[in-house]
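Trainee: The UniProt record's numbering numbers the first residue of the sequence shown as 1 and each following residue consecutively.
Quick reminder that beta carbons are idealized off the backbone N, C-alpha and C, glycines included.
Below is one structure. I have some questions about it.
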Amino acid sequence: EEYEVEEEHSWTPVQKASMYGGGFFVGLFALYFFTLYLPSYFIPEATDLVAIKKVSQLDVALTPLAGGTSVALGDYTTLGFDSEYSEQSSKKRNVNRIIMVGDVHAHYTQFRKLLNKVKYNKKNDHLLLLGDFITKGPDSRKILDYLIANDVDCILGNHEYYALQNYATFHGLDQPSFEFNGTIEKFLGDGSSFLVKDGFNDDPEFLIAKKLEPEHVQYINNCSIIKKLGTMPLQKSKGGANGVAVHAGIRWDLDLQDQDPIDNLEMRSLIGPYFNETTSDPDVEDSVSWSKIFNMKQKEKSAHDKDLTVVYYGHDARRGLNLKQYTKGLDSGCDRGDKLTAMVVWAELSRSKKGSHQIVYKEEPVQIHC
């Protein structure tokens, strides 16, 4: 019985060299395609970061209104922009209302619902978001596109700052810095909240950061840490106080220009006994809500000083809507299904008991369910 034996094929040196060479070039092409070409094709071009402003000034002034049944919901009567009581300034735009919104966290539908409820009018109102308007929710890009298209004012939140850090890391840029009166500063804080992972990861801020278009980055980068608001309402008083907007809070013992931006982005409490050290953890031993300490210090100051400050902030969803005489906490937990809050501020012309006219500043919170 005969068996057929198949002849084994052997490769010549030239054939082996060609095969290995071809495999090497195919592998090299695949490496280039998947690590360089595809990322550059789908990831927007990078834009340089500028120093973040520590303190900025609101560029609008309130025009006193004649009143109305519900000014916060858009039902009011104007005196006219040519009124003798309107603040005339070549550098400021006169508006009927200032509307400040707490942490939106990319919940675009709820955000637009809130704007509809207060009858937001781009021409006559000034809209200011108190930070954390991106991440966690589903529509970060949609929120950013709306804010840019409508020239909405903003305060930088810790999540926006973290997105900028990730953006800088991903694109090989310098980390964000801060600017006040032409001086550039870098604040590292304790590093606990802002550790940025190199390479690829699934952190929400990283996934958002690498997809940001240049106009998105420039918008976020132009949000300041603190914004001076001018005269704002002061509860239990017909007069007003110096208004300040910030994301997390401010230290009572420091001037605005001396604040640490990382504190302003992250703080929730102050640590006793001197209450000059911040923490983002409200459960730290001997810690007290920064707003409680701030109100106490402002009340002490009010006995001998009329130069008082009222602070509008977000960040602290755990404490919810938290309105005190000198602090107004507006993060009411929309991302966890609670509410989204706007504080509507306006000025009214009223008549005193002696018959003279005076301007009274008023405010009212407006909420929608998330």
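1. Can you look up Phe180 in the DSSP assignment and give me helix, strand or coil?
2. Under DSSP, the alpha helix (DSSP H) around Ala149 begins and ends at which residues?
3. Buried or exposed: which applies to Phe24, given that a residue is buried once 16 or more other Cβ atoms fall within 10 Å of its Cβ?
4. Going along the chain, which residues of its own chain have a beta-carbon closer than 8 Å to the beta-carbon of Phe170, five neighbours each way excluded?
5. Helix, strand or coil, according to DSSP, for Arg97 in the structure here?
6. Between Asn116 and the ligand FMN, is there a pair consisting of the residue's CB and a ligand heavy atom that are separated by less than 7 Å?
7. Which same chain residues end up closer than 6 Å to Asp286 when comparing Cβ atoms and leaving out the 5 residues on each side of it in sequence?
8. Please say whether His107 and residue 422 have beta carbons closer to each other than 8 Å?
9. Are the stretch 334-350 and the stretch 50-69 in contact at 8 Å, needing three or more beta carbon pairs?
10. Quick one, which of Lys92, Thr78, Thr77 and Gly137 has its alpha-carbon nearest Gly337's?
11. Consult DSSP for Tyr167 and reduce its assignment to one of helix, strand or coil.
12. Taking 8 Å as the threshold (C-beta atoms), are Gly74 and Val118 in contact?
13. Would DSSP call Met232 helix, strand or coil?
14. Arg318 bridges to which residues according to DSSP?
15. For the beta strand (DSSP E) containing Glu348, name the first residue and the last one.
16. Enumerate in chain order the residues of its own chain whose CB-to-CB distance from Gln57 is below 6 Å, with the five nearest sequence positions on each side excluded.
17. For Ile208, report the span of its alpha helix (DSSP H) as first-last.
18. Between which two residues does the beta strand (DSSP E) containing Asn242 stretch?
19. Note down the Cα distance separating Thr109 from Leu156, rounded to an integer number of angstroms.
20. If you run the structure through DSSP and keep just helix, strand and coil, what is Tyr161?
21. Could you have a look at Glu266 and say whether DSSP puts it in helix, strand or coil?
22. Just curious, the beta strand (DSSP E) that His126 is in, first and last residue?
23. Hey, would you say Glu215 sits closer than 8 Å to Lys53, going by beta carbons?
24. I need the DSSP call for Val366, collapsed to helix, strand or coil.
25. Using a Cβ-Cβ cut-off of 8 Å (strictly less than) and excluding sequence neighbours within five positions of Ser332, which residues of its own chain qualify?
26. Under the DSSP definition of a beta bridge, which residues are partnered with His357?
27. Since Ile225 contacts Pro261 with CB under 8 Å, what's their CB separation in whole angstroms?
28. What number of angstroms, rounded off, separates the C-alpha of Cys223 from the C-alpha of Asp151?
29. Starting from the Cα of residue 372, find the closest Cα among Val50, Tyr219, Thr309 and Leu49 and give me that residue.
30. Rounded to a whole number of angstroms, what is the C-alpha to C-alpha distance between Ala241 and Ser269?
31. Just to confirm, is the Cβ distance from Asp153 to Leu128 under 8 Å?
32. Once you ignore the five residues that flank Asp190 on each side, which residues in its own chain have a CB closer than 7 Å to its CB?
33. For Val55, list the residues DSSP reports as bridge partners.
34. Have a look at the DSSP bridge pairing and note the partners of Gly329.
Mentor: On the basis of the supplied data:
1. What you label residue 180 is simply residue 180 of the sequence shown in a count that begins at 1. It is a strand residue.
2. Residue numbering aside, residue 149 sits at position 149 when the sequence shown is read from its first letter. Per DSSP, Ala149 belongs to the alpha helix (DSSP H) from Ser140 to Ala149.
3. Counted from its first residue, the sequence shown places residue 24 at position 24. Classification for Phe24: exposed.
4. Within the sequence shown, numbered from 1, the residue matching residue 170 stands at position 170. Phe206, Ala209 and Lys210.
5. Along the sequence shown, one-based indexing puts residue 97 at 97. DSSP places Arg97 in strand when its eight states are reduced to three.
6. Only the bare structure without any ligand can be found here, which leaves the ligand FMN out of the picture.
7. The residue you call residue 286 lines up with position 286 of the sequence shown. So the list reads Ile271 and Gly272, once near-sequence residues are dropped.
8. Any question about residue 422 goes unanswered here, given that the chain covers just 1 to 370.
9. yes
10. Numbered from 1 along the sequence shown, position 337 holds the residue referred to as residue 337. With distances taken between Cα atoms, Gly337 lies closest to Gly137.
11. Residue numbering aside, residue 167 sits at position 167 when the sequence shown is read from its first letter. Helix, per DSSP.
12. Working through the sequence shown from its first residue, we reach residue 118 at position 118. Working through the sequence shown from its first residue, we reach residue 74 at position 74. Going by C-beta atoms, Val118 is nearer than 8 Å to Gly74.
13. Taking the sequence shown and counting its residues from 1, one reaches residue 232 at position 232. Three-state DSSP puts Met232 in a strand.
14. Walking along the sequence shown from the start, residue 318 turns up at place 318. Arg318 pairs with nothing; no bridge assigned.
15. Translated into positions along the sequence shown, residue 348 becomes position 348. Start and end: Lys339 to Arg351.
16. The residue labelled residue 57 in the question sits at position 57 within the sequence shown. Counting only Cβ-Cβ distances below 6 Å, and skipping sequence neighbours, we find Lys228.
17. Taking the sequence shown and counting its residues from 1, one reaches residue 208 at position 208. Per DSSP, Ile208 belongs to the alpha helix (DSSP H) from Pro204 to Ala209.
18. Position 242 of the sequence shown holds residue 242. Where Asn242 is concerned, the enclosing beta strand (DSSP E) stretches over Gly240 to Val246.
19. Numbered from 1 along the sequence shown, position 109 holds the residue referred to as residue 109. Numbered from 1 along the sequence shown, position 156 holds the residue referred to as residue 156. Going from the Cα of Thr109 to the Cα of Leu156 covers about 21 Å.
20. As a working mapping, residue 161 is identified with position 161 in the sequence shown. Residue state, collapsed to three classes: helix.
21. The residue you call residue 266 lines up with position 266 of the sequence shown. Three-state DSSP puts Glu266 in a helix.
22. Translated into positions along the sequence shown, residue 126 becomes position 126. Asp125 to Leu129 is the span of the beta strand (DSSP E), which, as asked, contains His126.
23. Looking up residue 215 in the sequence shown gives position 215. Looking up residue 53 in the sequence shown gives position 53. Taking 8 Å as the Cβ cut-off, Glu215 and Lys53 do not qualify as a contacting pair.
24. Position 366 of the sequence shown, counting from 1, holds the residue named residue 366. It is a strand residue.
25. In the sequence shown, counting from the first residue as 1, residue 332 sits at position 332. Closer than 8 Å at Cβ, skipping near neighbours: Gly102, Ala317, Gly320, Leu321, Asp338, Lys339, Leu340, Thr341 and Gln367.
26. Translated into positions along the sequence shown, residue 357 becomes position 357. According to DSSP, which records beta bridges pairwise, His357 is partnered with Arg351.
27. If you number the sequence shown from 1, residue 225 lands on position 225. If you number the sequence shown from 1, residue 261 lands on position 261. The Cβ separation is near 5 Å, so the contact holds.
28. Within the sequence shown, numbered from 1, the residue matching residue 223 stands at position 223. Within the sequence shown, numbered from 1, the residue matching residue 151 stands at position 151. So the two alpha carbons sit approximately 12 Å from each other.
29. Because the chain here runs from 1 to 370, residue 372 falls outside it and cannot be looked at.
30. Sequence index remark: in the sequence shown, residue 241 carries index 241 (1-based). Sequence index remark: in the sequence shown, residue 269 carries index 269 (1-based). Cα to Cα, the separation comes out at about 23 Å.
31. Numbered from its first residue, the sequence shown carries residue 153 at position 153. Numbered from its first residue, the sequence shown carries residue 128 at position 128. Closer than 8 Å, so yes.
32. As a working note, residue 190 is residue 190 in the sequence shown. Reliability of the predicted coordinates at Asp190 is poor, the pLDDT of 39 falling under 50, and the value obtained from them is presented with this limitation in mind. Within the same chain, Asp190 has no close Cβ partners at all.
33. Stepping through the sequence shown from its first residue, residue 55 is reached at position 55. Answer is Ile226, bridged to Val55.
34. Position 329 of the sequence shown, counting from 1, holds the residue named residue 329. Tyr313 and Asn322.
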